[in-house]
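See below for the structure under consideration.
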Amino acid sequence: MGGAIGSAEPGGNTTMGKTDRRGFLKLTAAGAIGAASLTFGGRAATAQDQVTIRYGWWGGTERQQSYTAALEEFEAANPGIKIEKEFADYDAFQERMTTQMAAGDVPEIFWIASPQVLTYEKAGLYRQLDDIPTLDLSDFTEEILETIRINGTLNTMPNGVFVPVIRYNETFAQEDGVEIPTEDSGNWTWESFQQLLIDYTNDNANGRVGSTYNPTHDLTFEAYLRQRGEQLWTEDGQIGFTVDSLAEWFNWWETLREAGATLSVSEQEGVSPDWQLAGDKVLVNFNNSNHIIDDAKAFPDYTFKMRAMPVSEGAVEGHKYLYYPRMAIYQKIAEDKVEAAGSVVNYIINDASFVRTTGLTMGAPINPRVRQEAVEFASDDEKEMLRIVEADAAAQRNPRYEAPAGSNNWRTVMVRTAEEITLGGADIREASQRMIDEVAAEIERAR
Amino acid sequence: MSATVDKTSGRRQESLPAAPIASKRRRRLGRQEGAAHVFMTPWLLGFVFVTAVPLFASLYLAFTDYNILYSPEFTGLENFRRMVDDYRFWDAVGVTIRYVVVSVPLQLAFALLLAVVLDRGISGLPFYRGGYYLPSLLGSSIAVSVLWREVFGHSGLINQVLGLFGIEGQSWLQNPTTALGTLIVLNVWTFGSPMVIFLAGLRQIPADLYEAAKVDGAGTWRQFLNITLPMLTPIIFFNLVLQTIGAFQTFNQAYIISGGTGGPLNSTLFYTLYIYQQGFVSFNMGYASALAWVLMLAIAIVTAIHFLLSKYWVHYGDD
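Heads up: the protein sequence lines correspond to chains A and B, in order. Take the first sequence: its letter number 149 is residue 149 in our numbering, and every next letter is one higher. Take the second sequence: its letter number 132 is residue 132 in our numbering, and every next letter is one higher.
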C-alpha cells in the first residue's frame, strides 16, 4: 500500500479506498503501539536511570531564574537526578503548600515560611537529615547544628542566614554630612538613634526623612525584645514578650512619626513601607541583612551600607541572633529518593558554586566554609551583607525559638495593631494588649 | 409488510410494518441519547468532582475543627457560635454589605446610562462597546490594581490634580474612610458586562412604541421613564441578580490592593478575603468552611428576596 495513506492524487482525489482505510487503521494501531512502547519504554529507561526530586521554593523572577540555573547545573553534573522545579510567589507558594499538604503531595524538598516552621514540625512533615549518607555535615560544628535543630532533632536545614540591620543610604549620609555610629562607638542606643533621625529630618537641606515607618518589621522587633531579655516566642511555644515591651516598641516609633522623622503611612502606602516608594526619600530603613542585595538594585545611583541594631542600655548578654530561613525533606519521601534528595541539599549548603550562581539573596550561606569562599565572588552589597552576618555569627547568642503552631497570622495582627495606633488613634497600651490577646488565643486554639 | 401504490408516480411502495419502524426509531434515539451522555460526561465528571464533592465536603468541614494537617474533628455548631464573638467576622460582614449596597446600584446605573447613549446609533459603536467592555476583563487583574495605586496612591493622579489647586491629598488607599470607596469606584468602572446586556435589551424594544409616544408629544425623558425603563426591567433584574451575587464574592481587588490584609483597619476586609485568611493563612479550614456556607446562605436569601420583590417592579411582555 506504500504511499497510499491519504496521499493526494492529481485532481485532488485520495487513494484511500476501503482496503487502504483498513491498512491505515492497522498502520495507525501499529504506530500507536510503537509510539507507546517508545514513550513508556523511554520512561522506564529514564526511571531506571534517574531519580526525580521535586524542589519547591518561592521568591521573585530573579530568584526563580538564578535558582533554576543552579539546579540545572546540578542536574548536568548529576545525570542520575532530575529536579522538578516548583516555584511560586511567596503567597502563592503558601497556598499551594496548603493544598499539597492536604493532598499528601508535598515536594520532596521544600522551603518553609517562618510562621509555619513548628506547625509543620508538629504535623510531622520533616524527615530527619543527619542519617542521610549523601548529606555531608562535616563543616558544621556541634554548636551550629544545635542552633539548627528543632526540639533536639536535625530535621530542617537553613538555606541562608539573615540578621536584623539598620540599612542606610550612604550617599545621603555623605551629602547631608551625617555619620551613622557603629556599634562599638558607645553611642549607638535606641534613644541616640531616635534623636539622630529627628535631627537629620529637621536639619538636612534636601527635605529627606530620617526613616521609613516600620514597627511591623519582625526581625528588628525581635532584636529589640531580645535586648530586653525577652523573646518573640518561648521554648514552650508561647508569646515571649510582655505588653510593656510591645507598647514601648510602638511608642518608640510613634515618637519618631509624630516628630515627622518617618514617612507617613500615606507616603509609604501602608504601615509596612513599600521600598520602591520610600527608597529615595529616607536615610535609613529597618531591614533584613539580605534585602540590601535586591533593594540596592532598585536605586543604582545610591550606595547602601548597614549597621547592626542599636543596643539598649543594659541590654542582656547574648541578645544577638541569627535568623534561619529553612528548608526540609518531606517525611513521606520514597526511600529510594532519600539519597538523591540528600545530594541536592548537600549541593545547596556545601557547594560554593551554588551560591555563585544564585547570588546571596537568601542571605549568607549557613556553611561557614562556603561563607568564606563566597567573599571571593560576592558583589559589594553582598560583601557588606556577609560582613555584618559574620560579625553576629561570631557573637555570643542565646537560643532562639521558632514561631509556634497557631501563630501563622501574627504579622497580620501586628499590621492591624499598627494601623489602629497610627490611623485609628488607639491607645498604644490597649492596642498592644489586644494584639497579644488575639495572637495568644490563636496559639491556644491550635493546641 | 404492506404495499401501497404511489398515486403520482404509480410506483409500488413497500412500507415497513409499524413495530419495526418504532424499534428503529427507538434504536436511533437510543444512539443519540448515548452520544448525548458521552458528550455530557466531561461536564458531569467536572461537576461531581470539582463542585459537588468539595461542596458537600465543605458542608461537613463546617461542623469540624480542621487545620489541614490533622484529621477533622467534629465540633457541632462551634464554628457558627464562634462567629458571634468574632469582631473581624462582623467587620467583614459590614464591609461586604456596604460594598454590595453602594457599588451594585451605581454600576448598574452607570451601565444603563452608557448603554442608552451608545444605543443612539453613534458612529464607531463597536469601538466604544469594546472599549467600555475592556475594564470588565481587567477589573480584577494585578495590572488594574497597580493602576489603581497610580491613580489613588499618595503621589497618584488624583492627588496630583488636587495639588494643582493647592490641596495636599493623602493616599486614598491608606485612609480607612476612603479605601473602600476606591474599590467601589473600581467596581463601577467595570460596568462593561451589564452594559452589553443592557444594549442587547434596548435593541429589543419595539421602535413603534417610541414613535407612538412622540406622536403623543412625549419628550426624551418621558420616553425613557415610561417606555425604556419598564421594557428593560427584566434585563435590569437579570443584571441586578448577577451583579449582586458577584459583589458578594469580590476578592481579587481587595486582596491585591490591601496586600491580603483587608486593611487599613479592616476597611477592605471583604467577606471572601476573611474566608481566605482563615483558611489559607491561619489554617482554620473548618471555620473557613462555616464562613463560606454562611455566605452561600446569605446570597441565597438575598437572591430569593430579589425574586420575591421582582413581581412588583419587573414587567414581562406577557403581563
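A virtual CB, placed ideally from N, CA and C, is assigned to each residue, including glycine.
Whole-angstrom distance between residue j and residue i, CA atom to CA atom
i         : j         : result
LEU240(B) : HIS306(B) : 8 Å
LEU145(A) : ARG98(B)  : 54 Å
TYR90(A)  : PHE89(B)  : 26 Å
TYR70(B)  : GLY286(B) : 11 Å
ALA403(A) : ALA113(A) : 10 Å
LEU263(A) : GLY169(B) : 15 Å
GLU230(A) : GLU175(A) : 38 Å
ARG434(A) : GLU72(A)  : 49 Å
HIS154(B) : THR212(A) : 15 Å
LYS311(B) : ALA298(B) : 21 Å
PHE74(B)  : GLN249(B) : 28 Å
TRP252(A) : PRO164(A) : 17 Å
ASN151(A) : ASP236(A) : 10 Å
LEU265(B) : PHE165(B) : 30 Å
PHE461(A) : THR220(B) : The displayed coordinates of chain A run from 1 to 447. Any statement about residue 461(A) would go beyond what the structure contains.
PRO176(B) : GLY279(B) : 25 Å
ALA35(A)  : GLY270(A) : Below a pLDDT of 50, predicted positions are generally treated as unreliable, and ALA35(A), at 45, falls in that range; no measurement from the model is reported.
GLN50(A)  : GLU75(A)  : 10 Å
ARG401(A) : GLY240(A) : Per the sequence shown, residue 401(A) should be read as Tyr rather than Arg. TYR401(A) and GLY240(A): Cα-Cα distance of roughly 9 Å.
PRO310(A) : GLU183(A) : 7 Å
ASP427(A) : PHE127(B) : 55 Å
ILE198(A) : VAL284(A) : 12 Å
TYR55(A)  : ALA288(B) : 29 Å
THR51(B)  : SER58(B)  : 11 Å
VAL93(B)  : ALA247(B) : 13 Å
THR147(A) : ASP351(A) : 21 Å
GLY314(A) : ARG63(A)  : 40 Å
GLY59(A)  : ALA88(A)  : 7 Å
ASN409(A) : LEU125(B) : 50 Å
Beta-ladder partner(s) of residue i, from DSSP
i         : result
ASP65(B)  : GLU73(B)
HIS319(A) : ARG397(A)
GLY56(A)  : GLU86(A) and PHE110(A)
ILE205(B) : Answer is none; ILE205(B) lacks a bridge partner.
TRP451(A) : The requested residue 451(A) does not occur in the structure, where chain A is confined to residues 1 to 447.
PRO164(A) : ASN288(A)
THR448(A) : Only positions 1 to 447 of chain A appear in the structure, and residue 448(A) is not among them; the question remains open.
Cut-off 8 Å between Cβ atoms - residues of its own chain near residue i, not counting five sequence neighbours on either side
i         : result
LEU202(B) : ALA115, VAL116, ASP119, THR228 and LEU232
MET181(B) : The question names Met, yet the displayed sequence has Gly at residue 181(B). Answer for GLY181(B): TRP172, listed in chain order.
ALA298(A) : TRP275, GLN276 and GLY279
Own chain residues within Cβ distance below 7 Å of residue i, not counting five before or after
i         : result
ASP301(A) : none
LEU138(B) : VAL144
VAL415(A) : THR216, VAL271 and SER272
ILE158(B) : VAL151, PHE152, GLY169 and TRP172
ALA69(A)  : THR357
PHE193(A) : PRO310
Cutoff 6 Å; reference residue i; Cβ partners in own chain excluding five residues on either side
i         : result
TYR66(B)  : PRO72, MET285 and GLY286
ALA290(B) : ALA62, ASN79 and PHE80
PHE110(B) : VAL188 and PHE191
ALA259(A) : ILE198
GLY210(A) : LEU197, TYR200, THR201, ALA261 and LEU283
PHE237(B) : SER310 and VAL314
LEU27(A)  : At LEU27(A) the pLDDT is 48, less than 50, meaning the model places this residue with poor confidence; the figure from the coordinates comes in the next sentence. For LEU27(A), where only same-chain residues beyond five positions count, there are no Cβ hits under 6 Å.
What are the residues of the stretch 415-434 of chain A that lie near chain B, defined by any Cβ-Cβ distance shorter than 7 Å?
Result list: VAL415, ARG416, GLU419, GLU420, LEU423 and GLY424.
Contacting positions in the stretch 187-215 of chain B - beta carbon closer than 9 Å to chain A:
So the list is empty, because no residue satisfies the distance condition.
Between the stretch 54-74 of chain B and chain A, which residues of the former have CB atoms less than 8 Å from a CB of the latter, in chain order?
For chain A, the residues of the stretch 54-74 of chain B that bring a beta carbon within less than 8 Å of one of its beta carbons are ASN67, ILE68, LEU69 and TYR70, in chain order.
In the stretch 241-268 of chain A, which residues sit with their C-beta less than 7 Å from some C-beta in chain B, listed in chain order?
The residues in question are VAL265, SER266 and GLU267.
So if I threshold CB-CB distances at 8 Å, which residues from the stretch 249-275 of chain B count as touching chain A?
Taking 8 Å as the Cβ-Cβ cut-off against chain A, the residues of the stretch 249-275 of chain B that qualify are GLY259, GLY260, THR261, GLY263, PRO264, LEU265 and ASN266.
Three CB pairs or more closer than 8 Å across the stretch 22-29 of chain B and the stretch 431-439 of chain A:
The stretch 22-29 of chain B, when compared against the stretch 431-439 of chain A, does not touch it at the 8 Å Cβ threshold.
Decide if the stretch 207-216 of chain B is in contact with the stretch 120-139 of chain B; the criterion is three or more beta carbon pairs, one per stretch, under 8 Å apart.
No, the stretch 207-216 of chain B is not in contact with the stretch 120-139 of chain B.
Quick check: the stretch 41-56 of chain B against the stretch 248-257 of chain B, are at least 3 beta-carbon pairs closer than 8 Å?
Flag = no, the stretch 248-257 of chain B and the stretch 41-56 of chain B do not touch.
Members of the stretch 197-231 of chain A near chain B, C-beta cut-off 8 Å
Within the stretch 197-231 of chain A, no residue qualifies.
So, do the stretch 285-295 of chain A and the stretch 204-222 of chain A have three or more beta carbon pairs nearer to each other than 8 Å?
Per the Cβ contact rule, the stretch 285-295 of chain A is in contact with the stretch 204-222 of chain A (3 or more Cβ pairs under 8 Å).
Looking at C-beta atoms only, is the number of pairs between the stretch 337-347 of chain A and the stretch 79-88 of chain A that lie closer than 8 Å three or more?
Yes, the stretch 337-347 of chain A is in contact with the stretch 79-88 of chain A.
So does the stretch 313-322 of chain A actually touch the stretch 386-399 of chain A, counting three or more Cβ pairs closer than 8 Å?
For the pair of segments examined, the stretch 313-322 of chain A was found to touch the stretch 386-399 of chain A: the number of CB pairs separated by less than 8 Å reaches three.
Contact between the stretch 378-395 of chain A and the stretch 299-314 of chain A (3+ Cβ pairs under 8 Å):
Yes: at least three Cβ pairs fall under 8 Å.
Counting only Cβ-Cβ distances shorter than 9 Å, please list the residues of the stretch 388-405 of chain A near chain B, keeping chain order.
So the close ones are ALA405.
Check whether the stretch 114-121 of chain A and the stretch 355-366 of chain A are in contact - that is, three or more C-beta pairs closer than 8 Å.
Touching, no.
Return the residues of the stretch 165-177 of chain B that lie within a Cβ-Cβ distance of less than 8 Å from chain A, sorted by chain order.
For the stretch 165-177 of chain B, which is checked against every Cβ of chain A, the residues closer than 8 Å are GLN170, SER171, LEU173, GLN174, ASN175 and PRO176.
Taking a cut of 8 Å between CB atoms, which residues from the stretch 89-116 of chain A lie near chain B?
Flagged, chain order: ASP91, GLN94, GLU95, THR98, MET101 and ALA102.
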